[in-house]
Each structure stands twice: as structure tokens, then as C-alpha cells.
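Input: a single structure, listed below in C-alpha cells.
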Amino acid sequence: MAVKAFSDEWAKQFEDEVNKSSVYKAAAKGWKWTVGLVVEAEPDKNFPESRGVVMDLFDGAARSIKVGSAAEAQKCDFVITAPYSRWKQVATKELDATKGMLQGKLKLKGDLPTIVRYTKASQEMTECTTRVPVVWPDGN
Amino acid sequence: MHDPGAGRMARRKLRTKTNTKPVEYADGEPSAFAAMLGGLIEANVDSRADRKKDFDSLVARVGIWVTDIDEGVTLDFRKGSLVVYNGLQAKRDLTIRAQAGTVMNLSNLKIGLLGMPIYYDEVGRSVAMKLVQGKLRIEGLLGNFATLNTVTRIFSVQ
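For the record, the sequence lines run as chains A and B. Read in order, the letters of the first sequence correspond to residues 60 to 199 in this note's numbering. Read in order, the letters of the second sequence correspond to residues 4 to 161 in this note's numbering.
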């Protein structure tokens with residue numbers, strides 16, 4: 060059943076998808092940092108307030124994924140920031156996350172060698188988001 | 004040109020590298036790709052003595068063009084410093100053309116014995132396959148094989 064984008068239900072389904080993924084489990088072995096996704100507000104897209112997704116990821120598993128404020132997400136070890144519509148493009152496979160980062164469409168903060176070392180894990184995490192059926196605030 | 008670090012000479016040092024940043028950007032607004040690659044190299048060189056040794060010895064102009072985003076950079080290595088340019092500049096020794104994912108994979112090549120990149124593990128095989136398929140093109144390889152290996156080591160986060 061489809062859930063509202065960036066809602067608590069979405070976060071739970073996303074967490075389940077990550078923990079179901081054997082690809083992620085293998086690729087993220089040794090990962091021990093938190094990741095925050097900042098989803099910037101776009102009122103004209105019916106997404107009036109910025110939100111944060113705080114992901115506690117450890118050694119190939121998602122210990123928790125929660126939706127909170129943008130400020131909470133900004134405290135994570137790695138922070139990826141983009142407007143709502145960019146995240147929608149990533150989740151609907153219109154935009155490849157790696158390309159998005161190289162183009163500056165997704166802004167990354169954190170230790171670059173570490174994130175590059177886990178490129179495959181981050182790609183699989185993106186795949187996991189695409190498996191969650193979503194109702195978008197500006198329509199599908 | 005006089006090299007102040009080359010040995011004993013009766014001249015004052017013309018410049019010192021100790022207080023300068025190892026990576027600088029030629030453009031006032033480096034592209035996201037330029038900033039990312041420059042940041043990656045700087046972090047690598049700062050944290051690993053073997054990478055620093057390679058960085059301090061390398062003189063080469065290397066272009067990297069990401070074919071699926073139509074963006075590129077030129078990395079001008081100058082023995083212990085690097086200037087990153089947006090786009091491809093003239094007089095490059097090597098030019099690497101590949102898709103974004105392959106460029107990221109180049110940074111994930113493991114380095115083996117004698118400082119040679121490993122092409123027989125999963126990442127290495129995928130890079131080698133791209134080369135065979137023509138999806139990774141390296142211009143100027145003839146005569147610059149050692150330079151390519153050094154650049155690969157400086158990129159490598161493994």
C-alpha cells in the first residue's frame with residue numbers, strides 16, 4: 060500500500076527495504092556513521108516545510124530510519140541536501156544519485172573518501188527508496 | 004626554472020609549500036564535480052602518507068570527462084600541489100572519459116603489489132570491462148602508463 064512521502068510510515072517501509080537487501084548488507088559492511096537527508100521545502104509543490112530523514116546505519120543494517128526536522132538531519136555525520144522535487148526524481152529513478160552529486164543537484168557534506176568507498180551501498184540504498192510505493196504531495 | 008627544494012644553492016627560497024593548500028581551484032566557482040574531485044584528492048593526500056608521496060612527485064595534466072553529465076575537469080598536478088579547472092583545458096597528458104559510475108569506481112580500485120591497481124576483483128573487473136567495451140576511454144595512455152597508475156593511486160580511497 061502506498062504511503063505518504065517522507066512520513067513515519069514511509070520511513071518504516073524504507074527501513075524494512077534496506078534491511079531486506081542482501082546487496083546493501085554486503086556493500087555496507089563496516090559502515091558506522093549516521094546519514095541525514097535534508098528535504099528542502101517547495102511550497103509550490105505542496106511540500107511547505109523542510110524535513111529531515113535521520114538514518115542510523117551500522118555495518119550493513121539500518122538500526123533506525125526516522126523522519127524529523129531538517130536540523131536533526133543536519134547533525135548527522137553525512138548530510139545530503141536537496142529540494143523536495145530532486146528527492147522525488149531520485150526516488151522515481153529520474154535522477155541517478157551519483158550523477159546528481161557530481162552535478163551538484165544533491166549536496167553532500169561529510170568525509171568524501173568514506174562516502175566514495177561505499178558508492179555501491181549508497182546506490183543500493185537509493186534502489187531501496189524506489190521500492191517503497193509513495194503518494195507524492197504534488198501528485199504522482 | 005629554479006627549484007628551491009632541489010638542493011644547496013646560494014639563494015633564498017622563492018616559495019614555500021608548507022602553508023599553501025595542496026588543492027586550489029582555477030575558477031572562482033568550481034563546478035560540483037571539480038569541488039568533489041578536488042576534495043576527494045585533498046582528503047586522500049592529507050590522510051595517507053603513500054598518497055602524499057605520489058602527489059608530491061606527480062607532474063601531469065589529467066582531464067576527466069563524465070560522459071553522462073557532460074561535465075569535466077582538468078587536474079594540473081604540480082609536484083605537491085594541484086590546480087583543478089572546470090572543463091577540459093589544453094595540453095593534457097591523459098584524458099579519461101567515462102560515465103559517472105565508472106569514474107566513482109576508479110576511486111574504488113584497490114592498489115596491489117608494486118603500486119599497481121588491481122583489476123581482478125569485482126570493481127577491477129568492472130573497470131576493465133568498461134575499457135574493453137569502450138565505455139571507459141583513456142587518451143594519451145601511450146607513454147603515460149606510469150602516470151595513469153600514479154593518478155589512480157592518488158584517487159583510490161581503498
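Glycine included, C-beta positions come from ideal geometry on N, C-alpha and C.
Opposite residue i in the DSSP bridges: which residues?
{"i": "D79 (chain B)", "result": "B:R64, B:V86"}
{"i": "S123 (chain A)", "result": "A:D115"}
{"i": "R140 (chain B)", "result": "B:R100"}
{"i": "I139 (chain A)", "result": "A:L96, A:L167"}
{"i": "P120 (chain B)", "result": "B:I114"}
Which same chain residues end up closer than 7 Å to residue i when comparing Cβ atoms and leaving out the 5 residues on each side of it in sequence?
{"i": "S144 (chain A)", "result": "E101, K104"}
{"i": "K133 (chain B)", "result": "A101, T105, L139"}
{"i": "A132 (chain A)", "result": "G95, L96, V97, G111, V112, V113, V138"}
{"i": "V82 (chain A)", "result": "E183"}
{"i": "G75 (chain B)", "result": "G66, I67, W68, V69, G90, L91"}
Kindly indicate which three-state DSSP category residue i falls into: helix, strand or coil?
{"i": "K24 (chain B)", "result": "coil"}
{"i": "T153 (chain B)", "result": "helix"}
{"i": "R18 (chain B)", "result": "Interpretation of R18 (chain B) is limited by its pLDDT of 47, a score under 50 that renders its predicted location unreliable; the figure taken from the coordinates is listed afterwards. R18 (chain B): coil per DSSP, three-state reduction."}
{"i": "L112 (chain B)", "result": "coil"}
{"i": "L40 (chain B)", "result": "helix"}
{"i": "T93 (chain A)", "result": "strand"}
{"i": "K168 (chain A)", "result": "strand"}
{"i": "F73 (chain A)", "result": "helix"}
{"i": "F106 (chain A)", "result": "strand"}
{"i": "K63 (chain A)", "result": "strand"}
Counting only C-beta atoms, is residue i closer than 9 Å to chain B at any point?
{"i": "W96 (chain A)", "result": "As written in the sequence, residue 96 (chain A) is Leu, which differs from the Trp given in the question. It does not; no Cβ of chain B falls within 9 Å."}
{"i": "K88 (chain A)", "result": "no"}
{"i": "T185 (chain A)", "result": "no"}
{"i": "T189 (chain A)", "result": "no"}
Between residue i and the rest of its own chain, which residues show a CB-CB distance below 6 Å, the 5 nearest in sequence each way excluded?
{"i": "G159 (chain A)", "result": "L165"}
{"i": "K20 (chain B)", "result": "Caution is warranted here: a pLDDT of 47 is assigned to K20 (chain B), below 50, making its placement in the model unreliable, and the coordinate value is therefore given only provisionally. Once the five neighbours on either side are set aside, the close Cβ partners of K20 (chain B) are G83."}
Please return the same chain residues whose Cβ sits closer than 8 Å to the Cβ of residue i, not counting the five positions on each side in sequence.
{"i": "D118 (chain A)", "result": "A87, K88, G89, W90, K91"}
Please check if any C-beta of chain A sits within less than 9 Å of the C-beta of residue i.
{"i": "E27 (chain B)", "result": "no"}
{"i": "N111 (chain B)", "result": "yes"}
- Message: Taking contact to mean 3 or more Cβ pairs, one atom from each stretch, closer than 8 Å, check whether the stretch 107-122 of chain B and the stretch 74-89 of chain B are in contact.
- Response: no
- Determine contact between the stretch 50-65 of chain B and the stretch 29-39 of chain B, defined as no fewer than three beta-carbon pairs at a distance below 8 Å. no
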